[in-house]
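The structure appears right after this line, and notes come after that.
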Amino acid sequence: DTEVTQTPKHLVMGMTNKKSLKCEQHMGHRAMYWYKQKAKKPPELMFVYSYEKLSINESVPSRFSPECPNSSLLNLHLHALQPEDSALYLCASSQEGYNEQFFGPGTRLTVL
Amino acid sequence: DQQVKQNSPSLSVQEGRISILNCDYTNSMFDYFLWYKKYPAEGPTFLISISSIKDKNEDGRFTVFLNKSAKHLSLHIVPSQPGDSAVYFCAASWRGGNQFYFGTGTSLTVIP
Chain A
72 DTEVTQTPKH LVMGMTNKKS LKCEQHMGHR AMYWYKQKAK KPPELMFVYS
122 YEKLSINESV PSRFSPECPN SSLLNLHLHA LQPEDSALYL CASSQEGYNE
172 QFFGPGTRLT VL
Chain B
172 DQQVKQNSPS LSVQEGRISI LNCDYTNSMF DYFLWYKKYP AEGPTFLISI
222 SSIKDKNEDG RFTVFLNKSA KHLSLHIVPS QPGDSAVYFC AASWRGGNQF
272 YFGTGTSLTV IP
């Protein structure tokens, strides 16, 4: 299995909602990532988990809360988001931090 | 500070011809480079990599060249096909690093 899966594919939420994005990989990768991507921009790193521990938090607002329940799963909990948080949220994994990353298809998030 | 730059936001090439996408970096610690291809509303797909011990790596129609002294790499696609139309990102890291730094992307259009 060489895939990174993400659910849901699309999500529309209000500013008072609480929702979660899910990511899963079964490649035995030990590093997992959350990125945010706006149209015509490169992926913007949000969080890095290495061996299930948060190793990088790129000054992301606390309304985004990552969680790594085990080595195959990565969640991103969302609460009190703003319309400007609307974007494509990408999950990726890699063998280690130095290796090529494999991306999931993304979750298209719209905040109303 | 953008450590990896792709100065051409877009490129159009006739089908069958060569496409050359360029990438420059500023951090001399970078020693591992990747190219990704991205279709709209999908996650980036890994294409090809090169480490600093090489100056060329080839995979089918894709060849990446690295010029360490100029801190420059390029991706050559020969022959270009309409299905190659996508946004291409280069990314860089260093051994021991736990993240990749992405360029701003070049949108390639291959005209049939």
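Keeping their order, the protein sequence lines are chains A and B.
The first sequence finishes on residue 183 if you use my numbering, and the numbering steps up by one all the way, no holes.
The second sequence finishes on residue 283 if you use my numbering, and the numbering steps up by one all the way, no holes.
From the three backbone atoms N, C-alpha and C, an ideal C-beta is built for every residue, glycine too.
Judged by DSSP in its simplified three-state form, B/Asp-230 adopts strand. Look at B/Asp-195 here: in three-state DSSP terms it is strand. Between A/Val-75 and A/Gln-96 the beta-carbon gap is near 5 angstroms, inside 8 angstroms, which marks them as a contact. Within chain B, the residues placing a beta-carbon under 9 angstroms from that of A/Phe-174 are Tyr-207, Lys-209, Glu-213, Gly-214, Pro-215, Thr-216, Phe-217, ordered along the chain. Residue contact with chain B for A/Tyr-169: present (Cβ-Cβ distance below 8 angstroms to some residue of chain B). Straight across, the Cα-Cα distance linking A/Tyr-106 with A/Ala-163 is about 8 angstroms. Using a CB distance below 9 angstroms, the part of the segment 151-163 of chain A facing chain B consists of Leu-159, Leu-161, Cys-162, Ala-163, ordered along the chain. Here the C-alpha atom of B/Glu-229 lies approximately 28 angstroms from the C-alpha atom of A/Leu-161. Within 10 angstroms of the beta-carbon of A/Leu-92 lie 16 or more other beta-carbons, which makes it buried.
Below the 9 angstroms Cβ cutoff, chain B contributes no neighbours of A/Gly-99, its closest Cβ being approximately 17 angstroms away.
Residue environment analysis places B/Ser-240 among the exposed positions, since fewer than 16 neighbouring C-beta atoms fall within 10 angstroms of its C-beta. Under the criterion of beta carbons closer than 8 angstroms, B/Leu-205 and B/Phe-271 qualify as touching, at roughly 7 angstroms.
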